[in-house]
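Numbering (our numbering), first residue to last: -6 to 274. Inspection log for the structure reproduced underneath, given as structure tokens.
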């Protein structure tokens, strides 16, 4: 029995999937101040970049092309092309401009990940509407990959993961070490149990600092260790293919939010080390 336990312990790390993608939210989203270039800042240690649409075909194409020329897979946030209004009803009229931007960018559709919806459960998206969008994308751009990042709603709300997706993840913030948080780990186990074959998982890294982090006992300097803890959990968890950090810039959600780029140098160094280890640069 002891020999069997030793064998299992030795083989266990081999069952976890090595991450192939690392990157940040808010990279090509028009959040830069004059003279800043978030994409160039993170390109040396990331290989995915969050790309936000403007609705202008040429601008969106240029953002997609910029990510691609820097060696990063665009995470094209296509939600605004499909969902509008408080009822989150789908409207496919704008999707034509999204497709035109992709075509004009020169980035092959198979090299793009379409970010379908952000926190759809928290925002009360209808599952049927999500499935309809996924089916439409499969018809229009069958080679493109699709992704949803949901928000944790509590233990009474199990994850809803469509088999039509390529990537699915969830966020839960304000934790020093998610692997030491029973609620996080219970939900992660539910996710693994309910993930359909062929869908790969995204682990969302807490990568900003806010007053809520301070209240939770996390200082700006602590966020380097937080990053290492998320990276360690990703390495040890089966089927996690992507580590997506929220976020490189600050101020996306509120004014007092500090992004990774403005956190202490030790925190940025931890992120760079993690990124280079994942993407092999």
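Glycine is no exception: its CB is placed at the ideal position from the N, C-alpha and C atoms.
task = With a cut-off of 8 Å on the beta carbons, I'd call residue 254 and residue 34 a contact; round off their distance for me.
result = 6 Å
key: Every unbroken beta strand (DSSP E) within the region 131 to 203, with a cutoff of 3 residues, ordered by chain   = 138 to 144, 160 to 164, 193 to 199
inquiry  = I'd like the ranges of any alpha helix (DSSP H) spanning at least 4 consecutive residues and lying wholly in the region 20 to 50.
reply    = 31 to 35
inquiry  = Quick check on residue 182: buried or exposed, where buried means 16 or more other Cβ atoms within 10 Å of its Cβ?
reply    = exposed
Pairwise C-alpha distance: residue 99 and residue 173 = 44 Å
message = Are the CB atoms of residue 68 and residue 42 within a distance shorter than 8 Å?
response = yes
request  = Give the single residue among 212, 40, 29 whose Cα lies nearest to the Cα of residue 270.
outcome  = 40
request  = From the DSSP output, in three-state form, read off residue 96 for me.
outcome  = helix
Sequence-distant residues of the same chain with beta carbon closer than 7 Å to residue 263, five excluded per side = 217, 220, 221
Beta-carbon proximity list for residue 148, same chain, < 8 Å, skipping 5 on both sides = 176, 179, 180
message = Quick check on this structure: which residue in 90, 104, 92 has the alpha carbon closest to the alpha carbon of residue 60?
response = 104
query = Are residue 45 and residue 14 close, meaning C-beta to C-beta below 8 Å?
reply = no
request  = Rank 152, 169, 157 by C-alpha distance to the C-alpha of residue 163 and give the top, closest one.
outcome  = 152
message = I'd like the list of long-range same chain contacts for residue 113, defined as Cβ closer than 7 Å, with 5 residues on each side in sequence excluded.
response = 123, 141, 143
message = Report the CB separation of residue 194 from residue 234 in whole angstroms; it is logged as a contact under 8 Å.
response = 7 Å
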